[in-house]
Every structure is written in structure tokens, then in C-alpha cells.
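Asks:
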Amino acid sequence: LLFAALGGTALAQTPPMAPDIPADKFSITVPNADYVKQEVMIPMRDGVKLHTVIVIPRGVSHAPIMLTRTPYNASGRAGRMKSPHITSMLGDGDDAFIENGYIRVFQDVRGKYGSEGDYVMTRPVRGPLNNTQVDHSTDAWDTIDWLIRNVKESNGKVGMVGSSYEGFTVLMALVEPHPALKAAVPMSPMVDGWRGDDWFHNGAFRNPNLAYIAGQNSARGKGEEIVTGTYDDYDAFLRAGSTFDFAHIYGIDQLNFAKKLFEHPAYDSYWQEQALDRILAKKPLTVPTMTVVGRWDQEDIYGAYATYAAVEPKDKDNKLNSLVVGPWRHSGVNYEGSSLGALKFTGDTAREFRREVMLPFFNQYLKDGAPQFDTPPVWSYQTGVNRWRRLEQWPLAQASTTMYLKPGLKLGFDKAGSKGANFDEYVSDPMKPIPFVPRPVRMGDATVWKPWLVTDQRSYSDRPDVLTYVSERLTAPLALAGAPMVNLFASTSGTDSDWVVKLIDVYPDEVASQPELGGYQLPISMDIFRGRYRQGFDKPTAIPANKAERYRFALPNVDHVFLPGHRVMVQIQSSWFPLYDRNPQTFVPNIFYAKPDDYRKATQRVYHAPGMESSIELPVVSAGK
Ligand code: PG9
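Letter by letter, the sequence shown follows residues -12 to -1, 1 to 613 of mature numbering (1 follows the signal peptide of the UniProt record, and there is no 0).
1) I'd like the list of long-range same chain contacts for Asp285, defined as Cβ closer than 6 angstroms, with 5 residues on each side in sequence excluded.
2) Hey, how far is the Cα of Val415 from the Cα of Arg593?
3) Who does Trp187 pair with in a DSSP beta bridge?
4) So, are the CB atoms of Pro428 and Trp564 less than 9 angstroms apart?
5) Using beta carbons (cut-off 9 angstroms, strictly below), is Gly396 in contact with chain D?
6) Where do the N-terminal and C-terminal ends of the beta strand (DSSP E) with Asp515 fall, by residue?
7) Looking at the ligand PG9, does it come within less than 8 angstroms of Tyr495, judged from the CB to the closest heavy atom?
8) Please list the segments of the beta strand (DSSP E) lying wholly inside the stretch 271 to 344, counting only runs of 3 or more residues, in order along the chain.
9) Suppose you measure from the CA of Leu(-11) to the CA of Ala11; what does that come to, to the nearest Å?
10) Where do the ends of the beta strand (DSSP E) carrying Arg57 lie?
11) Please report the straight-line C-alpha distance between Ile74 and Leu273, rounded to a whole angstrom.
12) Would Val313 and Asn545 be called neighbours here (beta carbons separated by less than 9 angstroms)?
13) Counting Cβ pairs closer than 8 angstroms, one from the stretch 71 to 88 and one from the stretch 342 to 356, do we hit at least three?
14) Where Ala530 and Trp182 are concerned, what is the direct C-alpha to C-alpha distance, given to the nearest angstrom?
15) So, helix, strand or coil for Tyr222, using DSSP?
16) On the premise that Val373 lies in contact with Val549, defined as a C-beta separation below 8 angstroms, what is that separation, rounded to the nearest angstrom?
17) Shorter than 8 angstroms, the distance from the beta carbon of Tyr369 to the closest heavy atom of the ligand PG9, or not?
18) Might you give, ordered along the chain, the residues of its own chain that have their beta carbon closer than 8 angstroms to the beta carbon of Asn119, omitting 5 neighbours on each side?
19) Which residues in the same chain as Leu311 place their Cβ atom closer than 6 angstroms to its Cβ, once the five residues preceding and following it in sequence are excluded?
20) Roughly how far, in whole angstroms, is the beta-carbon of Leu38 from the beta-carbon of Asp127, given that I think they are within contact range, below 8 angstroms?
21) Beta carbon of Leu551, beta carbon of Pro607: below 9 angstroms?
22) Keeping to the same chain, check which residues put their C-beta closer than 6 angstroms to that of Val28; ignore five residues upstream and five downstream.
23) Who's in the neighbourhood of the ligand PG9, going by beta-carbon under 5 angstroms from any heavy atom, listed in chain order?
24) Val122 and Met32 look like a contact to me (Cβ under 8 angstroms); what is the Cβ gap, rounded to whole Å?
25) Would you decide whether Met77 is buried or exposed? Buried here means 16 or more other CB atoms lie within 10 Å of its CB.
26) Using 9 angstroms as the threshold, is the C-beta distance between Tyr290 and Asp185 below it?
27) If you check the beta carbons only, do Arg57 and Val108 fall under 9 angstroms apart?
28) Below 9 angstroms between beta carbons: does that hold for Phe575 and Leu249?
29) Would you identify the three-state DSSP class for Ala199, choosing helix, strand or coil?
30) Does the Cβ of Lys304 have 16 or more other Cβ atoms within 10 Å, making it buried, or fewer, making it exposed?
31) Where DSSP assigns a beta bridge to Ile560, which residues make up the other side?
32) Would Gly325 and Arg343 be called neighbours here (beta carbons separated by less than 9 angstroms)?
33) For residue 656, which three-state DSSP category applies?
34) Comparing C-alpha positions only, which one of His236, Ala582, Val275 and Thr334 sits nearest to Pro167?
35) If we ignore side chains and look at the alpha-carbon of each, how far apart do Ala542 and Ser513 end up?
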């Protein structure tokens, strides 16, 4: 009867002109998957919806949620490869969560990939720089609120984890945290883009950002690449002229964030008001937070220590605010951690941390019935001797021991005395800047970029435009735990100048266990300081030509033992190219716009004279500690 009623045709026919691509997102079924993957659009308080990928291990209930908010494509973060196995689908950094039945959530930040809304680079908190009603703190709040109400497999407890930009979004969630946010692990967070994280270091601009801005800001999804047609970035940047000139050639100067950078070369209110350490210092500390960073983090080496230090005074029982430093590159905590460049460590240090420290830290706050964990206030990998240590505080050193630059390019714990020349000098030529890694420089090549902070410095120690001071061979271990402080008395024949200072561990001439380390000059801590900011980061002033001035600045934190038979080395130079933009060595109002004639050679002098004892103050601790 039914057959007849339908006119004798088959039950349902697909019309020939039915569109062959579904209007809604279509997912191919993954049979026998050990997870359920959902993609949802979560509404924020201003009506904007954020694309969120939720991965639920099959069969879990009362499970905690681990949330990451990213500008780097949530679907990609939850899709390492197509697989029925959750371990293959999520990244290595998620291993501990997967093995412990966590629900894993990735969300595109507003304006990127699948999320609605406007994208603003590291969107500042609501306040003088952000007059909207939303920021990453409110977006995290609204997301967590939605997740605990809608993910029925969850136990209502949420943790946040993420590295770099994703570490920044973790810290932003702590500005006004949702009560269900029970613990947080910001890794290599971007905290202060001017002082020492991604954009500048002490006022010197980091040129690789232009490629990053092109990639992030030229499209909502994956953006454009800069095509220079030049194999060596050193050539491409030098030929262009100033950093603005380079940006202009490729049209990057049209992007708003590049404009904002070029308009704010000094540490003005634009930078100060978005520095997250300053913001968090004013907020109550309620969420247990373990901040993580790599010792040789080539992108965000500043922010983790700065936030830890800013928040630590509130941590009355030394329980809520902890710090972890491993022997890693930027974000190395989420990958294999048994080596970095030529250095080899005691097994996979990253995996060891994730399973033995991070997981029990999270579990105690997030998993129903999990045991309490005795969270180390500081968990630090001491390089040189290669061991993890639990510490009660950071920095460990409470005072410093001065190491002086001396005549004859020597370095020692005694002052120079009056014998010998008062200074050493070199000519810094901005038309021949010193490369930061051996040429050809390929900043986009991960094999060059990721381990560059452990590059052998021998290629530079004999250059005529580098001063290299070296100690006697050590007869006892020299252990440092804290931030070395540079105390430089120097002059320039120009009116502006950069000072790059490198603290280096020189290996013995022969290392039988690993021959390629014989004579290796291993960077322990290095940074750059733009001389115009010596009187204040917000007060650029010309340097009086040929007059010795004092430059005082901290190098990145170290936890290192120089072993007997090794030597301590300090290298000083005035360019680090093309990682940092060139200082023209003539004072101009804004270095981004320096003109070809502004770039001039300068004679640089470093003093070791009575009353002008250049030195490096070392955070020395007892070697056994
Ligand atoms: N270091 C990268 C970054 C963070 C924040 C702003 C710009 C860049 C990152 O790895 O995410």
C-alpha cells in the first residue's frame, strides 16, 4: 500500500541537483575511537561565540577539564594526526592528562580561526587600553562557566595550561578567575613584551616578529609568509635599512599591530599597562599556580620569573605560587626533553616534569579523591651538574659576588688595581653587524631557532668587534642561582649604542665523554640593552659622545654550576643581528625610522679603571646546595 501511495518509486531519492557539500560542518566517523570529539560555539557575554573543541575520553565520568585558549588553531591543537587513539590525536605535552582521563578542551581566542569577534594581539585587560567589556579574563570566565554547565562528563573542576601566547591566556584567566578554575600552569607566558619577552628586550626590537605578525595578523586563519627571495635573513634585513623600511617593503607596515609597535618604541604606558606581572601583583592570589619556563627560552625568557616574583609576596604559606625551570628551549616542556643542541640531560626531563610534578599538582585540585601533593615551591634543573632540585625560594642567592673585567681581557674576583690600560675598545660598524648565529642566518628554520641560545660562542670570541674576557681555569665548582647583574662602564663615540653582554661557560679543551664539547663556549645567560634607556626605560636620552656612562641591567636567571677545569667568560658587543634591529649609533627620536645616514661606525670603550670597575655581579651559592 505504501509503495503504491509513493507512486511506485523507491522510498527516498536524492535529487540529482542536491548540493553535494553539506551546509553544516560534516565529520567523517572515526570508528572505534577511544574518545568523543565535539566542536561547539560558546557564547561570550557580548554575544560573540568562540569555537571550542572538546575531547572526552570514551567512558569517563566526573572527569576534570583541562582548558587551553589559543590563537594557533584549536582544531589543529586537537588534531596532531587523524587517529582513533586519543594519544595520537593530542600532542606529547598532553600525555599525562590523557593517561589520567582528563577532558581536554582547546578554544580559539576571539577573532582567530573558528571564533567570532575581533582579534587584538595579546588583547590588553579591560581598562585604559581596552574600553570594551571583554578581555581574555572575561572570555576564560564565560568559557569555564559554560563548560561546567554543559559537559556532563565533567566534575565541575577546571585547570588551565598553555605555553607562550597560550601561557599569556592562562595568566589572563587569573586576573578575575572563575571559581571553578582550580589550578593553573602558565608555561613560558608572554608577560611583558617590552622588558624581555617577545617584542623587545630592554628596548631593542626583535625582528623575527615581523614574520610572526604577517602570519598571525594578515588573516583570521593561517596568514601570509614574507617572501624575501633571499636565502640569508642577514642580507634581507641589512639591505632593507631600518626595521620600518623592511616592514614597508613587504607591506607589513599596513597591519595595525606593526603600527602599534612602531608608535611605541619606549616603555610608555602602552607597555606598562599591559604588563601582566604588574597587573597580577595587584590582584588577590587565589588559584594555585605553577609557572614554568625553559632555562634557554629563546622567546619568553623574562615573564615567568617576573610574574612569579610579583605574586610571591602574597603567597604567605609558600603553597599557591610555584616556579619550575627546566633545561629547555621555548615551550620545550611539551616536547622531548633529553637534549638541547649539543647538551644532553638526564633522560627526558620534560616528560619527567609533566608526569611527576605537573600531573600530581593538577590532580590534587582537580581530580575527585586525588592525594595531596607536596608541591615544590621551586623545582629547578641545575645545569652543569644536570639534576633537578626542590628549592624553597627563587632566587636562591640572596647576595652577589662581583666578578671584575680586568686589563689583558681577564676576568677575576679581585679588582683590577691600577696596572694596565684603563679600557678596552672596539669599533662597532652598523653596516657589518654581528650575526647572532653563524651565517647564513635562517630565523624561520626551527633547527636554528629553537636551540640558538646554546650556540657555541667561539664564532664570535675572536672577532675584532667583540671584547672577550676570560677567567683562569676554575679549581672548584662555581654555582650560580639567580639573575646575574651587568654593571658596565662604557663609552661610545656615537650618541646611542646597544650593549650585548654574554655570560659563558668555557668547557675544557678536551671532553672525552663528548668530544664535540671540547673548548665549547656555552652561553649561560645573555641579553641586550639599548643605551638610550640607561636613565629610564620610558626616558630615551642621547648618550654624550666619548663619555663613560654606567649601564646596569639584569641578565636572565641561571641555575648553573661551572665545573672545575672550566672557565668563566664574558663577551661584550654592540649588535646581534638580525635578531635585534640595528642601533644606528646616532641618537634619533625613533630607531624604527632611522635613515641610512644615521647608521655610523662608533668606537666603543669598556672601562676597568678605579671608580669605573666594569663587572658582572654573580648570584653565587654554595656548590653543594
Ligand atoms: N612567543 C610566541 C608569542 C607569544 C605572544 C605574542 C607573540 C608571540 C608564542 O610562541 O606564542
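Even glycine gets a Cβ: it sits at the ideal position worked out from N, Cα and C.
No experiment lies behind these values; they were computed from the predicted model shown.
Replies: Quick look at the numbers:
1) Same-chain partners within the cutoff: Ser176 and His318.
2) Computed Cα separation, rounded: 9 angstroms.
3) According to DSSP, which records beta bridges pairwise, Trp187 is partnered with nothing at all.
4) In this structure, Pro428 keeps its C-beta atom at 9 angstroms or more from the C-beta atom of Trp564.
5) Protein chain content of the structure displayed is limited to a single chain, and chain D is not contained in it.
6) Looking at the DSSP string, the run of the beta strand (DSSP E) that includes Asp515 is Gln509 to Arg518.
7) Answer for Tyr495: no, Cβ out of range of the ligand PG9.
8) Look at the stretch 271 to 344 and you find these whole runs of beta strand (DSSP E), each 3 residues long or longer: 277 to 282 and 309 to 314.
9) With a pLDDT of 47 at Leu(-11), under the threshold of 50, the modelled position of this residue cannot be trusted, and the question is left open.
10) Element bounds for Arg57: Ala51 to Thr58.
11) Take the alpha-carbon of Ile74 and the one of Leu273: they are about 34 angstroms apart.
12) Annotated as proximal: Val313 and Asn545, with beta-carbon spacing under 9 angstroms.
13) A contact exists between the stretch 71 to 88 and the stretch 342 to 356.
14) Taking the straight line joining both Cα atoms gives about 20 angstroms.
15) Tyr222: helix per DSSP, three-state reduction.
16) Rounded, the Cβ-Cβ distance is 5 angstroms, consistent with contact.
17) Not so, every heavy atom of the ligand PG9 lies at least 8 angstroms from the Cβ.
18) Excluding sequence neighbours, Asn119 sits near nothing in its chain.
19) The answer, listed in chain order, is Thr279, Tyr296, Val366 and Trp382.
20) At roughly 7 angstroms, the Cβ-Cβ gap stays under 8 angstroms, so Leu38 and Asp127 are in contact.
21) Cβ distance not < 9 angstroms, so Leu551 and Pro607 don't count as in contact.
22) So the list reads Thr40, once near-sequence residues are dropped.
23) Around the ligand PG9, the residues whose beta-carbon falls short of 5 angstroms from at least one of its heavy atoms are Ser152, Tyr153, Met178, Asp186 and Glu287, given in chain order.
24) Contact flag correct, Cβ pair sits at about 6 angstroms.
25) By the 10 Å Cβ count, Met77 comes out buried.
26) The Cβ atoms of Tyr290 and Asp185 sit closer than 9 angstroms to each other.
27) No. Outside cutoff.
28) With contacts defined by Cβ atoms closer than 9 angstroms, Phe575 and Leu249 do not form a contacting pair.
29) Correct three-state label for Ala199: helix.
30) So Lys304 counts as exposed.
31) According to DSSP, Ile560 bridges with Leu455 and Val489.
32) Contact: no.
33) This structure does not reach residue 656, given that the chain is present from -12 up to 613, and the question cannot be answered.
34) Per the Cα distances, Val275.
35) Ala542 and Ser513 have their alpha carbons spaced roughly 10 angstroms apart.
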